[in-house]
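Trainee: Position 96 (the sequence shown) corresponds to 96 in my numbering; numbering is contiguous. By construction, the Cβ of each residue, glycine as well, lies at the ideal position given by its N, Cα and C atoms. First the structure, then my questions, so here it is.
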Amino acid sequence: MSIDFESIHNHNEQAVLDTVQARAPRFPALANNADLLADVACVALNRLPPRYIRHRVDMAFYESEGERQSTQRAVEEAVERAFAFVQARVAMRARA
1 MSIDFESIHN
11 HNEQAVLDTV
21 QARAPRFPAL
31 ANNADLLADV
41 ACVALNRLPP
51 RYIRHRVDMA
61 FYESEGERQS
71 TQRAVEEAVE
81 RAFAFVQARV
91 AMRARA
């Protein structure tokens, strides 16, 4: 029996990636560096609880509108904090 583990992913990933991309222009020191933006996404995802799903429709079916809004706010806050964290680390390295 073959199991398709490729279909399993964290529901927050796409929301975080979209939010990082949308907010990147506000952080010029990071905006043009794909590695740093990936770091921002990782830091943000590590601040959020994992919510593993197989299909996007899974969350749409089981999540209420209030939960969707709460999740979006949590993603936005995690991304803002992640940008601040990575930007501070870059500044510290520049001073060293």
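Quick check on residue 15: buried or exposed, where buried means 16 or more other Cβ atoms within 10 Å of its Cβ?
Mentor: Here residue 15 is taken as the residue at index 15 of the sequence shown, counted from 1. Classification for residue 15: buried.
Trainee: At a threshold of 7 Å, does residue 61 count as lining the ligand COA (C-beta to nearest heavy atom)?
Mentor: For the ligand COA, the structure offers nothing, since it holds no ligand at all.
Trainee: With DSSP collapsed to three states, give me the class of residue 10.
Mentor: Position 10 of the sequence shown, counting from 1, holds the residue named residue 10. DSSP places residue 10 in strand when its eight states are reduced to three.
Trainee: Going by Cα to Cα distance, which pick from 13, 27, 32, 1 is closest to residue 80?
Mentor: Numbered from its first residue, the sequence shown carries residue 80 at position 80. The shortest Cα separation from residue 80 among 13, 27, 32, 1 belongs to 27.
Trainee: Examine the Cβ distances between the region 27-43 and the region 52-61 and report whether three or more of them are shorter than 8 Å.
Mentor: Touching, no, given that fewer than three Cβ pairs across the two stretches are closer than 8 Å.
Trainee: Leaving aside the five residues before and after residue 30 along the sequence, list all residues of the same chain whose C-beta is less than 8 Å from its C-beta, in chain order.
Mentor: Position 30 of the sequence shown, counting from 1, holds the residue named residue 30. The residues are 24, 36, 37, 40, 83, 86, 87, 90.
Trainee: Measuring straight from C-alpha to C-alpha, what distance separates residue 20 and residue 5?
Mentor: Looking up residue 20 in the sequence shown gives position 20. Looking up residue 5 in the sequence shown gives position 5. In a straight line, the C-alpha of residue 20 is about 26 Å away from that of residue 5.
Trainee: What do you reckon, are the CB atoms on residue 48 and residue 22 nearer than 8 Å?
Mentor: The residue labelled residue 48 in the question sits at position 48 within the sequence shown. The residue labelled residue 22 in the question sits at position 22 within the sequence shown. No, the pair does not count as a contact, with Cβ atoms beyond the cut-off.
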